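Just so you know, we're using full-length UniProt numbering here: the sequence shown kicks off at 1 and counts up by one. Each residue gets a CB set at the ideal place from its N, CA and C atoms; glycine is no exception. Computed from a predicted model, the values in this text were never measured in an experiment. Here's the structure we're looking at; comments come further down.
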Amino acid sequence: MLASNSSNISLFNPWLELFCSIERRQSSRFSAKASTSFEPFLIISQIVYIVIDYKPEMVNYKSTQKITVTLLNMVTKMLQDDKTLEDVKIRSMNCELNPLTRADGSALFAQGGTCVMASMLGPVEVKLQNLKIDKAYVECIYRPKAGLPTIRDKMREAVIKDTCEAALLTALHPRTMISVQLQELDDRGGLDACAINAACLALVIGGVPMKFTVAAVHCIIDKDGQLILDPDQYQAKDNRASFTFVFDSLERDLVTVHSMGCFKMAHFNDAHLMCRAASGLIFDFYRKIMTKFHNKTLTGEKDNSESMEE
């Protein structure tokens, strides 16, 4: 597929030599990421060869130079952004596993000042109107801190339900129900993300089969147009737009996005990259808390709860 016409390559040799020199310079510039930074430039060179093979009419110095330099600038910016995303930080996390004795799995998850209690039951018997013959029915009930659920609470409930259903292997338990219940304890910003993370931990502790675990990250665009990752309630007060991204644990692919407000596509892409990088911190927290929990269980200690601050 990448084999090139010799006559076309001879026309393009001067530019290929120039491109290879730029490629080497850019690779040395990002020497800390040598193994990962060189690959995008190789991909660009392969794209150039494909253009030579299948689009001979485009093979001239100026047009191909413009295309390739544009791609080169995009990859350089991507690597620079990736380099800065290594320093992302979120609020401290704290979790207690199995605080409830009458649930199959439960978790008390706090991120900063936001705290949510999640529990799950299942697979259990399902009502006839909710019965599905090919998979389990997933129920989600969200309760606010005080009063009756509002329309926004019902929307939050629907988002959490869809996210849990995407993560669960519901086909293994047809004609049953898996119930997830969440109780808001305190809201100091990022409530949606905190609730999804609490629900995920409750499902993991409950032992139901899952395709992957999920990590939710919240960020906003403030009134000055700046992105703020995992803001508290004071930072989020006058936001222009807010995002909650949910990623899976396999390839960090996007599972759910919930956004509010007005924003440009460039802001959305920047928020996506920032939250994707921050999701690694949450997955690391999951691993640490579950390792401590299972190690404590293997030693025979009676207390099934565990808490850890990251």
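Using beta-carbon positions only, say whether residue i and residue j come within less than 7 Å of one another.
i: VAL138; j: GLU96; result: no
i: ILE205; j: ASN295; result: no
i: SER179; j: GLY122; result: yes
i: ASP104; j: MET117; result: no
i: MET219; j: ALA271; result: In the sequence under discussion, the amino acid at residue 219 is Cys, which differs from the Met named in the question. Against a cut-off of 7 Å, the Cβ pair of ALA271 and CYS219 comes out as a contact.
i: PHE109; j: ASN197; result: yes
i: TYR142; j: LEU185; result: no
Using the C-alpha atoms, what's the distance from residue j back to residue i?
i: LYS211; j: CYS275; result: 21 Å
i: THR297; j: ASP222; result: 44 Å
i: ALA167; j: THR213; result: 7 Å
i: GLU251; j: GLY280; result: 11 Å
i: GLU125; j: MET177; result: 6 Å
i: PHE293; j: ARG102; result: 18 Å
i: ARG287; j: LEU203; result: 14 Å
i: SER28; j: VAL255; result: With a pLDDT of only 42 at SER28, under 50, the local geometry of the prediction cannot be trusted, and no value is derived from it.
i: ARG156; j: LEU148; result: 14 Å
i: SER242; j: THR299; result: 44 Å
i: ALA195; j: SER106; result: 12 Å
i: GLN80; j: ASP253; result: Annotation note: pLDDT 48 at GLN80 (below 50); position unreliable, coordinate value reported separately. Between GLN80 and ASP253, the C-alpha separation is close to 21 Å.
i: PRO144; j: ALA199; result: 15 Å
i: LEU227; j: THR291; result: 33 Å
i: GLN129; j: ILE90; result: 42 Å
i: THR84; j: ASP224; result: With a pLDDT of 48 at THR84, under the threshold of 50, the modelled position of that residue is not reliable, and the figure given next carries that caveat. In a straight line, the C-alpha of THR84 is about 21 Å away from that of ASP224.
i: ILE151; j: LEU273; result: 30 Å
i: LEU131; j: LYS154; result: 22 Å
i: LEU100; j: SER249; result: 26 Å
i: ALA266; j: ALA146; result: 38 Å
Going by CA-CA distance only, name the one from the options that's closest to residue i.
i: ASN94; options: SER106, GLN111, LEU100, ARG102; result: GLN111
i: SER92; options: CYS115, LYS154, THR150, SER106; result: CYS115
i: LEU201; options: LYS89, THR101, PHE285, ARG102; result: PHE285
i: ASP134; options: ALA278, LEU169, MET155; result: LEU169
i: VAL208; options: VAL246, ALA136, PHE109; result: ALA136
i: PHE247; options: LYS292, VAL217, LEU148, ARG287; result: VAL217
i: HIS258; options: GLN183, LYS132, THR163, ALA266; result: THR163
i: PHE268; options: SER249, THR244, CYS194; result: THR244
What distance in whole Å lies between the Cβ atoms of residue j and residue i, which are believed to be in contact at a cut-off of 8 Å?
i: ILE282; j: ALA215; result: 4 Å
i: LYS127; j: CYS140; result: Actually they are not in contact, since the Cβ atoms of LYS127 and CYS140 sit about 15 Å apart, beyond 8 Å.
i: VAL88; j: ALA278; result: 5 Å
Measure from the C-beta of residue i to each C-beta in chain C and report whether the shortest distance is under 7 Å.
i: ILE221; result: As a matter of chain content, chain C is missing from the structure shown, which is built from one protein chain.
**Any 3 or more C-beta pairs closer than 8 Å across the region 218-238 and the region 181-192** = They touch, by the three-pair rule.
**Asked** So, do the region 262-277 and the region 161-175 have three or more beta carbon pairs nearer to each other than 8 Å?
**Response** By the criterion of at least three beta-carbon pairs nearer than 8 Å, the region 262-277 is not in contact with the region 161-175.
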